[in-house]
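Below: the structure, in structure tokens.
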Ligand code: AMP
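In our numbering, the protein residues as written are 4 to 292.
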């Protein structure tokens, strides 16, 4: 596995691979890798000649007061895991490599970036799309891999690719969970034992709602209520949002009509909660991203 820190160097390498007709798979991450990230890497390895992984804790997707400085970093363990999976190139740019002095260009997918997580974190997705577009330009992947755990992010990136005619296929993969149901997340390392126990209400609520939908429940408001009830059992939990939205537009089904029904082929049910100081997200999807 080749470790590259400089943009100019990886660009040169990618040019060489493209010239030789090799397909390129790309997995952008912020590190502290778990099986969720590694499932993306494994898929990329299966589908491409060359797999590139980036680790970059992207400052522009954190608002002031969020956990940018505290975000977990465990580079040696990450490097070992990626080497074992046979990753070809690990791109590890420094902050100034991506955002040199005087940097001032941003890309924003307007509407879907302002709902769900975008309401609580209004500058978050602009940071994500900016860095992802930059990384796409640097790595020039044929396929890029994203997890459905961050479903809104995947929808937004797909929209950016479509709107800007980018020459990359976005592949999304299922949420990987711990045995107790908690969706794997680098931020789970923040949780105390009690918080982790409380956090399980999130996956439990979503699973329950998904089962009810499987049994024929269709009203968006009822789906939300099932999740809300489950989350209210946890004392340490504060709900950020619970939404049932169209997977394409991210607009809530029950916005103008409290009796509105979901589209069983195109629905994202997503929730975000605070457990102490840690913000966690989870979802289930009916349809395809
Ligand atoms: P991050 O390092 O949090 O930016 O995540 C990098 C990629 O891994 C994103 O595409 C995430 O959606 C994906 N990812 C994170 N957690 C999971 C998970 N539990 N299951 C599947 N994919 C995940």
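Here a beta-carbon is modelled for each residue, glycine too, at the ideal position from N, C-alpha and C.
Residue i CB to nearest heavy atom of the ligand AMP below 7 Å
i, result
"residue 39", "yes"
"residue 295", "Residue 295 lies beyond the stretch modelled for the chain, which goes from 4 to 292, so this question has no answer here."
"residue 186", "yes"
"residue 179", "yes"
"residue 121", "no"
"residue 89", "no"
"residue 256", "no"
"residue 176", "yes"
"residue 153", "yes"
"residue 279", "no"
"residue 217", "no"
"residue 47", "no"
"residue 150", "yes"
"residue 26", "no"
"residue 1", "Here the chain covers residues 4 to 292 and nothing more, so residue 1 does not appear."
"residue 57", "no"
"residue 43", "yes"
"residue 189", "yes"
"residue 156", "yes"
Backbone secondary structure at residue i - three-state DSSP
i, result
"residue 281", "strand"
"residue 185", "coil"
"residue 180", "strand"
"residue 238", "coil"
"residue 255", "strand"
"residue 264", "strand"
"residue 249", "strand"
"residue 57", "strand"
"residue 328", "Because the chain in this structure spans residues 4 to 292, residue 328 falls outside the shown range and cannot be described."
"residue 139", "helix"
"residue 78", "helix"
"residue 5", "strand"
"residue 65", "coil"
"residue 209", "helix"
"residue 191", "helix"
"residue 71", "coil"
"residue 16", "helix"
"residue 293", "A question about residue 293 goes unanswered here, because the residues of the chain that appear run from 4 up to 292."
"residue 100", "helix"
"residue 124", "coil"
"residue 42", "helix"
"residue 231", "helix"
"residue 197", "helix"
Short Cβ contact (8 Å threshold) for residue i with residue j
i, j, result
"residue 28", "residue 144", "yes"
"residue 273", "residue 246", "yes"
"residue 286", "residue 181", "no"
"residue 197", "residue 234", "no"
"residue 91", "residue 54", "yes"
"residue 71", "residue 78", "no"
"residue 293", "residue 226", "The displayed coordinates of the chain run from 4 to 292. Any statement about residue 293 would go beyond what the structure contains."
"residue 17", "residue 86", "no"
"residue 58", "residue 93", "yes"
"residue 288", "residue 151", "yes"
"residue 48", "residue 89", "yes"
"residue 35", "residue 130", "no"
"residue 149", "residue 160", "yes"
"residue 147", "residue 292", "no"
"residue 169", "residue 139", "yes"
"residue 163", "residue 216", "no"
"residue 190", "residue 281", "yes"
"residue 223", "residue 283", "no"
"residue 268", "residue 251", "no"
"residue 118", "residue 271", "no"
"residue 194", "residue 39", "no"
"residue 110", "residue 133", "yes"
"residue 208", "residue 230", "yes"
"residue 60", "residue 76", "yes"
According to DSSP, residues forming a beta bridge with residue i
i, result
"residue 148", "174"
"residue 275", "244, 284"
"residue 270", "249, 289"
"residue 85", "In DSSP, residue 85 forms no bridge with anything."
"residue 94", "7, 57"
"residue 222", "264"
Between the region 90-105 and the region 8-17, can you find at least three pairs of beta-carbon atoms closer than 8 Å? yes
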